[in-house]
Each structure stands twice: as structure tokens, then as C-alpha cells.
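Here's the structure we're looking at; comments come further down.
Numbering (the UniProt record's numbering), first residue to last: 1 to 128.
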């Protein structure tokens, strides 16, 4: 359909620990992506689904399959119909019991297990 895409996990040219907060003002979003030549920018890292319009571009974060942080423990995803431009977010239920069991065996931190069960980070990671 002649649409160009740019995909990244986090903010371009920034260390992995930097996040683009879903509530960030458009001026901040545009500053991070001003040099990206693409119609659609797919990003992640926040584990929170959102869409932002950046000038003529669209920034899409599909959320998270395995560590949701928006209060909904279901796996999240986004679809883009390139012929209509329609973006749809979806959720899938899955039994996280087996995943949590295996992560415990691998000594994953408690906050990650809390995220899987509850769809958000604990208020105090040490008490998760």
C-alpha cells in the first residue's frame, strides 16, 4: 500500500532504560522521532498500548503480551489495516499459571510475576 514503517523497541538513539511515557506531550514525541522518515512508527518498551499522531505520522505502541502494565493482565496487540488506515487494539485471555510457574523456576523477580497476574507493576516491588 506504499506505507513506510519504522520499528523500534524504545526511543531511537537512547539507552534502553529510557521510556516514552504514553502521556508525553506531542512536542516531546516529535523531538524523539523528528529524523525518522516513516509513515507509521511501531514502538514498545512501556508495556502500555497507545496511539499518537506525530505530524503526518502515526506512532503505535501495541502494549505487551507478557508483562502488561496498564491494569489489564490479558495479552495486548494492535492491528493496522493499511488499506483503510484503521488501527485496532485487541486483547487475548490466556492462562498465565504455567508461565508464572516456569518463571518462578527461573528465579524471575517477583514484580514480573505480579505483572502477569495483575496487569500492572506493584506499588512496592519488594513486596510483590
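Even glycine gets a Cβ: it sits at the ideal position worked out from N, Cα and C.
Cβ separation of residue i and residue j, assumed to be a contact under 8 Å, to the nearest whole Å
| i | j | result |
| --- | --- | --- |
| residue 91 | residue 78 | That belief does not hold up - the Cβ atoms of residue 91 and residue 78 are roughly 11 Å apart, past 8 Å. |
| residue 73 | residue 118 | 6 Å |
| residue 115 | residue 121 | 6 Å |
Continuous alpha helix (DSSP H) stretch holding residue i: start and end
| i | result |
| --- | --- |
| residue 113 | 110-118 |
Beta-ladder partner(s) of residue i, from DSSP
| i | result |
| --- | --- |
| residue 52 | 59 |
| residue 32 | DSSP output for residue 32 lists no bridge partner at all. |
| residue 92 | 75 |
Exposure label - residue i; buried when at least 16 CB within 10 Å
| i | result |
| --- | --- |
| residue 15 | exposed |
| residue 3 | exposed |
| residue 94 | exposed |
| residue 47 | buried |
Where the beta strand (DSSP E) containing residue i begins and where it ends
| i | result |
| --- | --- |
| residue 121 | Careful: residue 121 lies outside any beta strand (DSSP E) and carries neither H nor E. |
| residue 20 | Taken as a continuous stretch (DSSP letters only), residue 20 belongs to no beta strand (DSSP E), as it is neither H nor E. |
| residue 42 | 40-42 |
Task: Meets three-Cβ-pair contact criterion under 8 Å: the segment 35-42 and the segment 64-73 - done: Taking one beta carbon from each stretch, the segment 35-42 and the segment 64-73 have fewer than 3 pairs nearer than 8 Å; the two do not touch.
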